[in-house]
Each structure stands twice: as structure tokens, then as C-alpha cells.
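*Asks:*
In our numbering, the protein residues as written are 10 to 167.
(1) Name, in chain order, the residues that DSSP records as bridge partners for residue 51.
(2) Do the stretch 125-140 and the stretch 34-50 make contact, defined as three or more Cβ pairs closer than 8 Å?
(3) Taking contact to mean 3 or more Cβ pairs, one atom from each stretch, closer than 8 Å, check whether the stretch 81-93 and the stretch 149-161 are in contact.
(4) For the beta strand (DSSP E) containing residue 63, name the first residue and the last one.
(5) May I ask you to list the residues that DSSP assigns as paired with residue 71?
(6) Could you please give the first and the last residue of the uninterrupted alpha helix (DSSP H) stretch that includes residue 14?
(7) Would you please state the rounded distance, in angstroms, between the beta carbons of residue 25 and residue 118? I believe it to be under 8 Å.
(8) Using three-state DSSP, classify residue 153 as helix, strand or coil.
(9) Any contact between the stretch 15-30 and the stretch 120-127? By contact I mean 3 or more CB pairs, one from each, below 8 Å.
(10) Taking 8 Å as the threshold, find out whether the stretch 49-69 comes into contact with the stretch 93-107 through three or more Cβ pairs.
(11) Whole angstroms is fine: what's the gap from residue 144's alpha carbon to residue 162's?
(12) Alpha carbon to alpha carbon, what distance is there between residue 13 and residue 75?
(13) According to the Cβ coordinates, are residue 33 and residue 10 closer than 7 Å?
(14) Going by the beta-carbon positions, is the gap between residue 84 and residue 68 smaller than 7 Å?
(15) Using DSSP's beta-bridge definition, name the partner residues of residue 57.
(16) Using 7 Å as the threshold, is the C-beta distance between residue 98 and residue 79 below it?
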């Protein structure tokens, strides 16, 4: 697959691109993600914010609560209000969680792991061969060495 990958909102006012492969792709089945997405899970590609380029438009930032109690900031199109990516308090603004479904070709980023499967909808069948955990996980057990190194490089900066 070649990068960048383009994406945007429904009205096309806000456009972005991923400049490289994401660090990791989570398919989250927690109840918070179910409620916020209005679906059975949320599919988020975690990437360094510096590798997420805004091509056109400016997002509105919406602060929302989260299960951790620390909240998240969601980038939404000011016109059609679609959520495009977010920053979770735990990861901070240096990492973005891009809604994979907002990519022009979302099929390029299938999940690397299914998380919080203890609360998944009972009729959702998880695919064989993709790691699945009841809650969260130890990234060192699942992430590639390259992704771990990229994350550490960002965290090492002031």
C-alpha cells in the first residue's frame, strides 16, 4: 500500500491525509465507543499527529467525556459535523486516533486488534487470525518494533 491515504467528511469541506502507515489500528468494542459511534464498535487508526496532514478546512474541536474520566477532543467538520479523529487524554495531542471509516479507501486499514471484547455485541463475530482481548493490552506484545520505536521517538520530545 502506498501513502498518503486521503480522507475527509461527508460534505468534503474538511479533507486530510495520513502521510504514513498508522502505528496500530484498534477495533474497540467498549460501550463508550458503541455509544459515540452509534454502531457496534469504533475503528481507529492511531498515528502521530505530525503524520496527519490537514489538506483543507479547519475542524471544530469538541470535548467529550470518556470511560477513563479524562475525556477526549474530537475533530469534527464544522459543516456536516462528522467526527474525523480524536485525541485521547492518555495519549495527548501528539497522537491522533483517525476514524478509519472517514478514509476514502477504508479497506486499506483493517484492525490489528479487537479490544474490550468483553462488552462486544453478542452477534458480532470476530475474525480468526486477528488478536482479540477482553479489555486493553500490553502494546509490547502486539505492536511491531517499528511502531514501538516511532511512539517512543514522539514521547521523547519535549
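Glycine included, every Cβ here is placed at the ideal spot set by N, Cα and C.
Being a predicted model, the structure only gives us computed values, none of them experimental.
*Replies:* Looking at the coordinates:
(1) If you number the chain shown from 1, residue 51 lands on position 42. BP columns for residue 51 point to 37.
(2) yes
(3) The answer is no - the stretch 149-161 does not touch the stretch 81-93, with fewer than three Cβ pairs under 8 Å.
(4) Position 54 of the chain shown, counting from 1, holds the residue named residue 63. 61-65 is the span of the beta strand (DSSP E), which, as asked, contains residue 63.
(5) The residue you call residue 71 lines up with position 62 of the chain shown. The partner list for residue 71 (beta bridge, DSSP) reads 83.
(6) Here residue 14 refers to the residue found at position 5 when the chain shown is read from its first residue. Not the alpha helix (DSSP H): residue 14 falls in the beta strand (DSSP E), residues 14-17.
(7) For the purposes of this step, residue 25 is identified with residue 16 of the chain shown, where counting begins at 1. For the purposes of this step, residue 118 is identified with residue 109 of the chain shown, where counting begins at 1. 14 Å between Cβ atoms; not a contact.
(8) Taking the chain shown and counting its residues from 1, one reaches residue 153 at position 144. In this structure, residue 153 counts as coil in the three-state DSSP scheme.
(9) no
(10) At 8 Å Cβ cutoff, the stretches touch.
(11) Sequence index remark: in the chain shown, residue 144 carries index 135 (1-based). Sequence index remark: in the chain shown, residue 162 carries index 153 (1-based). Using only the alpha carbons, I get a separation of about 26 Å.
(12) As a first step, residue 75 is located in the chain shown; it is residue number 66 there, counting from the start. As a first step, residue 13 is located in the chain shown; it is residue number 4 there, counting from the start. Those two C-alpha atoms are separated by around 30 Å.
(13) For the purposes of this step, residue 33 is taken as the residue at position 24 of the chain shown. For the purposes of this step, residue 10 is taken as the residue at position 1 of the chain shown. Cβ atoms of residue 33 and residue 10: not closer than 7 Å.
(14) To locate residue 84, count along the chain shown from 1; it is residue 75. To locate residue 68, count along the chain shown from 1; it is residue 59. Yes.
(15) Translated into positions along the chain shown, residue 57 becomes position 48. For residue 57, which the question treats as bridged, DSSP gives the partners 104.
(16) Along the chain shown, read from residue 1 onward, the residue named residue 98 stands at position 89. Along the chain shown, read from residue 1 onward, the residue named residue 79 stands at position 70. Yes. Within cutoff.
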